[in-house]
Amino acid sequence: MKRRNLLAAAAAGGIGAVLVASGANAGTIFADGSATAVANPALAADDTVEPQGGAGLFDVDLDQAGVSQSPDVVVTGDVSVLSEDWGF
Amino acid sequence: MGTVAGMLAQARALLGTTEHPPGSNHNLITTWYGFDGAWCDMSISYEAAHSDNLSAMMGKFAYTVAHAQAFKNAGRWHYGLGGIRPGDVVFFDWSGGGSISGIDHVGLVEAVHSNGSITTLEGNTSDEFRRRVRSACIVGYGRPAYGDAKPMPSTDGMLRLNSTGNAVRKLQTNLNTVMKSGLTVDGQFGPLTQSAVIAFQKRYGLEPDGIYGPQSAAMMKAALAGKTTPIKPKPKPPTGTLAVDGQFGPATCAALQRALNRHGASLDVDGTMGPLTNRALQKYLGVSQDGIIGPVTVRALQKKVGATQDGDWGPDTTRRLQTKLNAGTF
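Rendered as structure tokens:
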């Protein structure tokens, strides 16, 4: 089967991109990537995505094990800001 | 005007929020927003509205692309992770693209780590509000105009004519490696560097605008690895037997979709309960196929799996469903 990552995005999390409007009066719009992918032939080229469950779906996702889901926990990083050159 | 700390406190308070019934997008956040839909950006709006930060957040949004564009229009957008801080609103494109139009998802940055990862607080991830650690598929971030907001970085994350600094040095080095450009690595983005960027963009099928942004950077990463197309995220393989834990997450949903396909549906196994999956389930259960999982559908499901038929899709219903899915008897 040929599908596209947008489907995985729906599984991975909120897929705001399939919404076609914003605002409280936008009506009932669901996040089913299937319909979107079928409508756009450009999205039909990649492989089917099947979720592993829990964390992210992709090989690039970090391991989510040990990430606290407690609202009482405050996570702090070891830096307050990343370098502006980060990513280049 | 609210603060970063106030926004983060509101976001943490949402941890554990789920959907009722699972896959419905229905919860306190979507009820507050006004409709049951994808709720990642609704969560941001909810947190902002409850911490006096809604105007700082550019207003109320459900559509992530429009929200990112609003940050950009306000001069509060930055491509990539450079300069990111707690309180920033980070936008994702799961296809690995770098453009605002491809954005799929959004979260709030809680913490920044020196290895380039960030801790986020996200709505509608695995149909829950969860804390995540991310480093990939990030298009960029918006910095809300909190009362205590730090200044924006000095650039928008793009390298262009007259840019300077270490990022330009790295670009020049990479262009020399990939394109044999022969540039002097001086950290000055002058006409020669611009020409080299244009040549690189032409060779790899990018828009030859001479501006080096996330898409060009993704292509450069691929080129340095000897590839001719950007390295896209690859899906992980599905897991085997479901945990019978009463949690209706993506794995259970995917198993349900596979089962429905065995009964004649043609669903994409994406682990998300959208209208097509809902209708396929309703068809299998022999109830009206309106695409909305309400009490009638849930009762039919409960009858099918042997749960108490109270119309409320709770953990016991899911556990029984998981047991049947594992046994191949659903």
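Residue numbers (my numbering), protein chains in the order written: chain A, 14 to 101; chain B, 115 to 444.
Where is the CB? At the ideal position from N, CA and C, for every residue including glycine.
Keep in mind that this is a model prediction, so the values were computed, not measured.
- Query: Is Pro328 of chain B near Val383 of chain B, with beta carbons less than 8 Å apart?
  - Reply: no
- Task: Taking only the alpha-carbon atoms, compute the straight-line gap between Pro429 of chain B and Ser240 of chain B and give it to the nearest angstrom.
- Result: 16 Å
- Which value, in whole angstroms, describes the spacing of the CA atoms of Gly211 of chain B and Asn375 of chain B? 31 Å
- Partner residues on chain A for Phe331 of chain B, Cβ-Cβ distance less than 8 Å: In the sequence as displayed, the identity of residue 331 of chain B is Ala instead of Phe. In chain order: Gly100 and Phe101.
- Message: With H, G and I counted as helix, E and B as strand and the rest as coil, what does DSSP make of Ala48 of chain A?
- Response: Bear in mind that the predicted position of Ala48 of chain A carries a pLDDT of just 26, short of 50, making it too unreliable to give a figure here.
- Query: In chain order, what residues of the same chain lie with their CB nearer than 7 Å to the CB of Cys367 of chain B, ignoring the 5 residues before and after it?
  - Reply: Gly137, Gly385, Thr386 and Met387
- Query: From Val203 of chain B to Lys341 of chain B, what does the alpha carbon distance come to, in whole angstroms?
  - Reply: 32 Å
- Ala250 of chain B versus Asp74 of chain A: straight-line alpha-carbon distance, rounded: 7 Å
- Message: Check for me: the alpha helix (DSSP H) holding His192 of chain B runs from which residue to which?
- Response: Where His192 of chain B is concerned, there is no enclosing alpha helix (DSSP H), although the beta strand (DSSP E) it sits in stretches over Trp191 to Tyr193.
- Secondary structure at Ile252 of chain B, three-state DSSP: helix, strand or coil? strand
- Message: So, with DSSP's three-state summary, where would you put Phe185 of chain B?
- Response: helix
- Message: For Leu370 of chain B, count the other beta carbons within 10 Å of its own beta carbon; 16 or more makes it buried, fewer makes it exposed. Which is it?
- Response: buried
- Query: From the DSSP output, which residues share a beta bridge with Tyr326 of chain B?
  - Reply: B:Leu273
- Proximity winner among B:Leu222, B:Ser228 and B:Ala184, relative to Ser93 of chain A (alpha-carbon distances): B:Ser228
- Message: Tell me which residue opens and which closes the beta strand (DSSP E) that Leu222 of chain B is part of.
- Response: His219 to Val226
- Message: According to DSSP, simplified to helix, strand and coil, what is Arg245 of chain B?
- Response: strand
- Message: For a contact defined as C-beta to C-beta under 9 Å, what are the partners of Lys459 of chain B on chain A?
- Response: The first residue shown for chain B is 115 and the last is 444, placing residue 459 of chain B beyond what the model contains.
- Work out the CA separation of Ser380 of chain B and Val292 of chain B for me, nearest whole Å. 44 Å
- Closer than 9 Å at the beta carbon, the chain A residues around Ile198 of chain B: Val94, Leu95 and Trp99
- Of the choices B:Asn392, B:Val401 and B:Leu356, whose alpha-carbon is the least far from that of Arg434 of chain B? B:Leu356
- Cβ-based neighbour list, Asn276 of chain B, same chain, cut-off 7 Å, excluding 5 preceding and 5 following: Phe303
- Query: Within the chosen definition, does the stretch 265-274 of chain B reach the stretch 185-194 of chain B through at least 3 CB pairs nearer than 8 Å?
  - Reply: yes
- Hey, is Leu142 of chain B's beta-carbon within less than 8 Å of any beta-carbon in chain A? no
- Message: Assuming contact is defined by CB atoms lying nearer than 8 Å, are Gly363 of chain B and Tyr260 of chain B in contact in what I supplied?
- Response: no
- Query: Taking Cβ-Cβ distances shorter than 7 Å, what residues in chain A pair up with Val247 of chain B?
  - Reply: Leu75, Gln77 and Val80
- How should Val86 of chain A be labelled, buried or exposed, when 16 other C-beta atoms within 10 angstroms of its C-beta is the threshold for buried? exposed
- Message: Taking 8 Å as the threshold (beta carbon to beta carbon), is Glu224 of chain B in contact with chain A?
- Response: yes
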